[in-house]
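Q: Have a look at this one before I ask anything.
2 protein chains.
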Amino acid sequence: MKLKRSSRLVDLTRYLLQHPHELISLSFFSERYGSAKSSISEDLLIIKENFEGQGVGWLVTVPGAAGGVRYIPRVSEQEASEVIEELKHLLSSSERVLPGGYLYMTDIIGNPKVINKVGRMFASMFADRTIDVVMTVATKGIPLAYAVASYLNVPVVIVRSNSRVTEGSTMSINYVSGSTKRIQTMALAKRSLASGSNVLILDDFMKAGGTIKGMTDLLQEFEANLAGIGVLVESEDVQERLVDDYISVTRLTAVDTKDKKIQVEAGNYLDRISNGE
Amino acid sequence: MKLKRSSRLVDLTRYLLQHPHELISLSFFSERYGSAKSSISEDLLIIKENFEGQGVGWLVTVPGAAGGVRYIPRVSEQEASEVIEELKHLLSSSERVLPGGYLYMTDIIGNPKVINKVGRMFASMFADRTIDVVMTVATKGIPLAYAVASYLNVPVVIVRSNSRVTEGSTMSINYVSGSTKRIQTMALAKRSLASGSNVLILDDFMKAGGTIKGMTDLLQEFEANLAGIGVLVESEDVQERLVDDYISVTRLTAVDTKDKKIQVEAGNYLDRISNGE
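Residue numbers (UniProt numbering), protein chains in the order written: chain A, 1 to 277; chain B, 1 to 277.
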């Protein structure tokens, strides 16, 4: 297709947004548009200036014959603060208090408008690490894990509490839930994770961290490496945390079941940005 | 921010892609860029021509004071054919045959590169229907449901086989699995679906359709309406199908567990497009 510069800019922008973290050669675009590489380079410079100016992504150019351009989704500190404020507001609604002090979060977890923003935040935070796979545990972590995986352009693997006939051979481990101290089982299809993979673990909620600790144990069985841990909500109400190094977007500091009051603060996400992570 | 036309085109394209199915007023863009509405209209025309020429989406302009512009993701018939061919190729690998004739699909389901394309296909197919919510059943349908919901800009609700303390009051129903004839239970949090909602049901796999039939029964309990049904893979090996009107992307016609051979054909997706759905 032969396109004018204006239309080429539209198409390039869309193509890059739909192929995050993928190295695309200038020759590919040059052929796609029937334009000289020099024109494509000028277009990419316009997109780079806009993306980096707006804080929505980096455009990294790799020089040389095997080179090209790579779009890396990013969230600015300001945008991250706004998303965290929005989440604090959403989460602290008194209607979310459930019997036993649990928090109803299903609507937030199933809302792509919110979860895609959080997904972009984690993709931005872990943009510089080598990540081959995003891992989560069924069921509630899946939408967030899928959103992050989309922006990192890697697959998701889903750990389950039981093994299923549709998964083939599975590796099972036992782990101790940090809060209830109960012994539980988690399983992952043997063929779903290659040894040596670098794995980003994500979940919607972390209390003592038993489930996430279980997933890190599972990584060892698969000879895979932990690349990072991220949670949407961490709970402060914990005697002993089983996981140290994690990124949280929000922190639940108090749930008063009698008066139906919930206190939510920002997690450590913004601190980590400020520390240059 | 005051932007030049070239940079404005980049920003507008990104903004529209990230806000599908949302009516955005020209005043919003006019203020955002400090530009006259007439300039914005010209920009939108360039984007419209590109999107519609490339078959990646419609740009619908709503005139009047309450009007604006709405981007509707679309997949062309050619692109849909290519995705279906890719899926047929992926699915028919002999390594997918599991004991009992089951098919290993976990890697495809967890691959955003593939699932986002299928998500766009379903969003395109159902673009004209009124859809308030996408519904699926845990676990394997969630990534696809989430992808479709992202492109339709609506929430996902997840039906589960058990009720959890983190969901509050739930509505449970019993249903009969179409293939195994076993009685099973599915549950949905009472507050996750408002009465009168128009619901698109999605799943990764459909054999006799018992699970999907169960979800349609659940809709009745919530006084919600069925807006459509879509599945990634339907199995032809069925004596009596419990669901009539559905869209399938691929169709599994034979699994030979002895010789490890799998036959996969295109589903009815393309026929439905040709019939002007």
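Just so it is clear, CB atoms sit at the ideal spot from N, CA and C, and this is done for glycine as well. Predicted, not measured: the structure shown is a model, and the values here were computed from it.
1) Note down, in chain order, each residue of its chain lying with its Cβ closer than 6 Å to the Cβ of A:Ser76, except the 5 sequence neighbours on either side.
2) Look up B:Pro73 in the DSSP assignment and say whether it is helix, strand or coil.
3) Between B:Val133, B:Met105 and B:Ile273, which lies nearest to B:Leu202 when the distance is taken from Cα to Cα?
4) Output, in chain order, the set of chain B residues within a Cβ distance shorter than 8 Å of A:Lys113.
5) Please determine if the region 207-226 of chain B and the region 255-268 of chain B are in contact, where contact requires at least 3 C-beta pairs separated by less than 8 Å.
6) Does the distance from the CB of A:Pro143 to the CB of A:Gly110 come in under 9 Å?
7) What's the gap between the Cα of A:Ser92 and the Cα of A:Glu82?
8) Out of curiosity, what's the CA-to-CA distance linking B:Lys2 and A:Asn50?
9) Once you ignore the five residues that flank B:Ser169 on each side, which residues in its own chain have a CB closer than 8 Å to its CB?
10) Within the same chain, show all residues whose beta-carbon is closer than 7 Å to that of A:Glu22, passing over the 5 residues directly before and after it, in chain order.
11) So what's B:Phe29 in DSSP terms, helix, strand or just coil?
12) Just the C-alpha distance for A:Ser38 and A:Leu26, rounded to the nearest angstrom, thanks.
13) Would a C-beta distance cut-off of 9 Å place B:Ala147 and B:Ile115 closer than the cut-off?
14) Restricting to Cα atoms, I'd like to know which of A:Val60, A:Tyr269 and A:Ser7 is closest to B:Leu44.
15) For A:Gln54, name the three-state secondary structure that DSSP assigns.
16) Here's the rule I'm using: 16 or more other beta-carbon atoms within 10 Å means buried, otherwise exposed. How should B:Asp204 be labelled?
17) How about A:Asp244 and A:Gly228: are their beta carbons less than 9 Å apart?
18) Exposed or buried, which one is B:Glu167 when buried takes at least 16 other CB atoms within 10 Å?
19) Less than 9 Å between the C-beta atoms of B:Leu242 and B:Ala208, yes or no?
20) Identify whether B:Arg14 lies in helix, strand or coil by the three-state DSSP scheme.
21) In whole angstroms, what is the alpha-carbon distance linking B:Leu270 and B:Gly141?
22) Taking the DSSP output, what are the residues bridged to A:Phe205?
23) Quick one: is A:Leu9 near chain B, going by C-beta distance under 9 Å?
24) Closest to A:Trp58 by CA distance: which of A:Ile46, A:Pro73 and A:Ala66 is it?
25) Relative to the C-alpha of A:Val157, which residue among B:Leu9, B:Val249, B:Pro112 and B:Leu219 is closest?
26) Using only the heavy atoms of the ligand MG, determine whether one of them is closer than 8 Å to the beta carbon of B:Asn198.
27) Let me know the secondary structure DSSP gives B:Met121 once reduced to three states.
28) Give every residue of the same chain whose Cβ lies closer than 8 Å to the Cβ of A:Ile84, excluding the five residues on either side of it in the sequence, and list them in chain order.
29) Is B:Ser248 helix, strand or coil when you go by DSSP?
30) Counting C-beta neighbours from all protein chains within 10 Å, is the total for B:Ile183 16 or more, i.e. buried, or is it exposed?
A: On the basis of the data shown:
1) Excluding its 5 nearest sequence neighbours in each direction, A:Ser76 has C-beta neighbours in its own chain below 6 Å: Gly55, listed in chain order.
2) strand
3) The shortest CA-to-CA distance from B:Leu202 to any of B:Val133, B:Met105 and B:Ile273 is the one to B:Val133.
4) Neighbours of A:Lys113 in chain B, taken as residues whose beta carbon is under 8 Å from its own, are Asn153 in chain order.
5) Contact fails between the region 207-226 of chain B and the region 255-268 of chain B, because fewer than three Cβ pairs, one in each stretch, are under 8 Å apart.
6) yes
7) Those two C-alpha atoms are separated by around 16 Å.
8) 11 Å
9) Ala189, Lys190 and Arg191
10) Arg70 and Asn153
11) helix
12) 9 Å
13) yes
14) A:Ser7
15) helix
16) buried
17) no
18) buried
19) yes
20) helix
21) Cα to Cα, the separation comes out at about 21 Å.
22) A:Val233
23) yes
24) A:Pro73
25) Closest in alpha carbon position to A:Val157, among B:Leu9, B:Val249, B:Pro112 and B:Leu219, is B:Pro112.
26) Summarising the ligand content, the structure contains no ligands, and the ligand MG is consequently not present.
27) Looking at B:Met121 - three-state DSSP - the assignment turns out to be helix.
28) Val249, Thr250, Ala266, Gly267, Tyr269 and Leu270
29) DSSP places B:Ser248 in strand when its eight states are reduced to three.
30) With fewer than 16 neighbouring CB atoms inside 10 Å of its own CB, B:Ile183 falls in the exposed class.
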